[in-house]
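Per UniProt numbering, residue 1 is the first one in the sequence shown, and the count goes up by one each step. For every residue, glycine included, the Cβ atom is placed at its ideal position computed from N, Cα and C. All figures in this text were calculated on a predicted structure; none of them were measured in a lab.
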Amino acid sequence: MLPFEEEDVGTKIPLKRHSTINPSSIQQNGHKKKKIRASFPVKNPSSTGSEMQKRKSELSKIRTGLPVYQFKRKINQSLQDNDVLLVVAETGSGKSTQIPAYLDESNLFCRNQGKFARSICVTQPRRVAAITVAKRVAEEQGCTIGSAVGYKVRFDDSTQPTTRIIYATDGMLLRESMSDPLLSRYSVVVLDESHERSLQTDILFGVVSRAMVARGYDLKGADEEDEDDGSMDALIKRRMKEKAQQYSLPRLKVVVMSATLDTETFKNFFKGAATIQIPGRVFPVQVVYTQEPQEDYIESALVTAMQIHQEADDGDVLIFLPGQEEIEDLASLLRRHLEAEKTLEEALTSRDIVQMVQGMGTNLDGKVASIVDGVMICVLYAALPPEAQMLAFQPKPAGCVRKIILATNIAETSVTLDGIRYVVDCGKHKTRDYNGKTGMESLTVKDISKAQAAQRTGRAGRLSSGVCFRLYTEDAYDALEELSVPEILRVNLAQVVLMLKGMGVHNPIKFDYLTPPSMDSLKKATQLLYALGALEKSMELTAHGKKMAKLPVDPVYAHLLLQSSKYECTAEMLTAVAMLSAENIMYRPGSNGAMEGGPDSLSTKAALAHRRFVSYEGDLPTLLNVYRAWQREAIYVPKRYSSKAQKKLQRDAQADGQQKLFHGAWCQHNFISARALIRAHDVRHQLSVICGNTVGQRGLGMNVHQSCGEKDMEQFLKCVCAGLFLQSASRISKSKEVHKGSGSLEGFQRGGRFKTKVGNAEVNIHPTSTLFNRNPAPKCVVYTELLVTKKTYIRGVTQVREEWLVDVAPQFFSKV
Ligand code: CDP
């Protein structure tokens, strides 16, 4: 069943297209004149026990009203009778928050299980979901986070040995299974958001089923015997079984949760799984198509949003766009158009928002939320820090008439946004794709599937009837694929193969995949690992590969980090890899009301502030400069320190005579994302523990203090070259450029077009790179990411000398 009534699908209402919006067309609504006051609830983090109990009883009313509540008994009973339970219910029905709590409360699964298997693990594809859902459930249970309920995400673990419900990213459970393939800590694993078919969740299906089989489950059904073909993998499975018996591990129960009805794949994988379908509370949604194809979906979304605002009844608007860039563009256009139409005598300004956001513990600005003419504009995308994402979920401040949320497909299923009555769907999303021929991964804007279009539409009918404006024609809809392609069929599998090898899977080709990836991508992944020196020809992990598997970062970054011992720059490389892991460190804000790009605009101020960090050599040395400057000039006192320790640290820091700023102020002054920098700092700490610990303590035994110093950057650059040699590109020679006749010599020297050394693809330096428009353009570079939008871009670019490539990878490059 679709989340809206069948007869409403396909109603055609022509979308008007205005070239400009006439400010006088906005009706002066009496209620818009009200005095506006910020009313964001600021939560007191140190709530007392009685406050927690009060909140618990408040929440208990909400909990019993959720659609899953009626199914509590059935869910517990079904999982008791079956090893695998498939739960299908709309987003917001209570799957993620309630079902683990029901299983825990029932006492049937995770208590009294002796030393092992006492907990329930709930996996989430997104870090922010794992943290926020865990916090919500802790609140519902009236406990502090990390006690009975906790979360475990990369580089942040709030759990204790006694934690019973653990929300973890799927990647975290995969890592855990490397040291404990039987998943012996858990009695139940709940695989949430399975419909997203994220790479890691897909792999988890195989990993979890292996643990289930070892703990007594018959994966293939009664008629098919699990063949023991005498292979290494069969031997490993037999050993796992023996170990499970030795520890008397109970059967591992699995709940697969999905928001869409496409569950055939899961049912085929887990034969005989029980299924429960929970009807959601949905209202009819009218679907509106454009009559003509839209050339520019940003402009089309702008026109539609303004029309809704001017003409439609109350209700919030959710606009789906492919990515951060498009979201920021549209947010800025919307702000400008609403500003032009301003009818309010007193309006909340971006500065008020800054204060509200700061009240929530971050130092972001009006880029994540702003209010213009009584309209609250929020943005929502995965790279945004969790606190900034939370703004989209906050109730509208008093006097605010409408909320417009601009989101990526993150808002399709994995988050609950109440109050949406209008959905605007551009029909596109950004997906990662892997080109098996060139071995290159790219982020591309592509059409969504029909299943995604239905999910987007459904967001409008949560609380009352709604309208979904599809910014494409009905014919274009008919031509869409039925379902989205699972990530495992689209991405570079090097990390998967490395992980499976690290888990003891001998032959990753024969692993139990939910949907087997193509032989080509598996081969390409093994070739990449072989090129990085991680695999022997016999497919065994080399000593280097074993070290790489221990590092929770992309194999290329793991390789890069491990090179640092040779080049005596481990301290620097730890910083660089950590800064790369925390995205968007250099904060580029949107408009603050001043003319965008003008001398007073925040973006110009940010560019000026960033100038002092910029390294001539490129992005990695620039990130290193930011971290070094922060260490020199800022005072950072981690919140986890006792208040006495905090005060002492602050006194010591101030007593050292230098003019230092506190972390938040320093970041604000330098337009650096405070959250991202702390995350990088934490990631650096965790990586240095893994690198620095002795081998016996599961570490890599590296000297993490080994530093090349600020003066000798050549060592660092050579190391970057040695780590990223497979991602190198050289400038296309002047003569070829002129010969092709595309662009002037000046244009060529400034921008510079490059050709990748592996794959021979023509690429450009991304505008966010410090090497963009460098005059003259560098001759040879290495990069961390390839991005395909209208052009093919490289990001994370660092200048290297061509001859270094021959030194660092003689097996690949030779002198010309
Ligand atoms: O998993 P599913 O989408 O079915 O629902 P859920 O995440 O368990 O959410 C159930 C209800 O809890 C929603 O209606 C949300 O309003 C609320 N919730 C919340 O307030 N804060 C969270 N972090 C998660 C859920």
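Query: Distance between ILE377 and GLU346 (C-alpha atoms, nearest Å); Result: With a pLDDT of 39 at GLU346, under the threshold of 50, the predicted position of this residue should be treated as unreliable, and no value is reported.
Query: Cβ neighbour criterion (16 or more within 10 Å) applied to ARG698; Result: exposed
Query: According to DSSP, residues forming a beta bridge with GLY150; Result: ILE166
Query: Coarse secondary structure for ALA451, derived from DSSP in three states; Result: helix
Query: Segment contact, 8 angstroms Cβ cut-off, at least three pairs: the segment 659-671 with the segment 562-573; Result: no
Query: GLN200 beta carbon less than 8 angstroms from that of LEU182; Result: no
Query: Helix, strand or coil at ASP433 according to DSSP, with G and I counted as helix; Result: strand
Query: beta-carbon LYS95 near ligand 1 non-hydrogen atom, thresh 7 angstroms; Result: yes
Query: Nearest-angstrom Cα separation, counted from SER332 out to THR768; Result: 18 angstroms
Query: Nearest-angstrom Cα separation, counted from VAL208 out to GLY272; Result: 16 angstroms
Query: Anticipated Cβ contact below 8 angstroms, PHE109 with VAL188, distance rounded; Result: 5 angstroms
Query: C-beta contact flag for ARG731 and LYS791 at 8 angstroms; Result: no
Query: Sheet register partners of ASN764 (DSSP bridge); Result: ARG753 and TYR793
Query: Under 8 angstroms between C-beta atoms of THR132 and ARG154; Result: no
Query: Sequence ranges, beta strand (DSSP E) only - wholly within the segment 178-251, length at least 3; Result: 186-191
Query: Three-state class that DSSP yields for CYS378 in the structure shown; Result: strand
Query: For THR275, the three-state DSSP class (helix, strand or coil); Result: strand
Query: Contacts around residue 819, its chain only, beta-carbon distance under 6 angstroms, and the 5 residues preceding and following it disregarded; Result: An answer regarding residue 819 cannot be provided, because it is not within the stretch 1 to 816 covered by the chain.
Query: Sequence-distant residues of its chain with Cβ nearer than 7 angstroms to LEU334 (five each side left out); Result: LEU302, ALA305, ILE377 and ILE404
Query: Straight-line gap, PHE772 to VAL800 (C-alpha atoms, nearest Å); Result: 15 angstroms
Query: Inter-stretch contact (C-beta, 8 angstroms, three-pair minimum) for the segment 305-325 and the segment 450-469; Result: yes
Query: Given 8 angstroms, three or more beta-carbon pairs between the segment 81-90 and the segment 154-163; Result: no
Query: For VAL254, the residue or residues it bridges with in DSSP; Result: VAL84 and VAL189
Query: Strand pairing of MET586, partner residues [DSSP]; Result: ILE672
Query: Touch test, the segment 675-692 against the segment 535-545, Cβ-Cβ under 8 angstroms, three pairs minimum; Result: no
Query: Reduced DSSP category for GLU785 - H, G, I as helix; E, B as strand; rest coil; Result: strand
Query: Counted within 10 angstroms of its Cβ, other Cβ atoms place SER57 as buried (16 or more) or exposed; Result: exposed
Query: Heavy atom of ligand 1 within 7 angstroms of GLN98 beta-carbon; Result: yes
Query: Helix, strand or coil at VAL445 according to DSSP, with G and I counted as helix; Result: strand
Query: Where CYS400 falls: helix, strand or coil (DSSP); Result: coil
Query: Separation of ALA148 from GLY533, as counted between CA atoms; Result: 43 angstroms
Query: Nearest residue (CA-CA) to LEU480, options LYS428, SER521, VAL372 and ARG239; Result: LYS428
Query: Sheet register partners of THR123 (DSSP bridge); Result: ALA168 and LEU191
Query: Exposed unless 16 or more other CB atoms sit within 10 angstroms - verdict on HIS739; Result: Any reading at HIS739 must be qualified, since the residue scores a pLDDT of 38, below 50, and its modelled position is unreliable; no value is offered.
Query: Check: ASP316 C-beta below 7 angstroms from any heavy atom of ligand 1; Result: no
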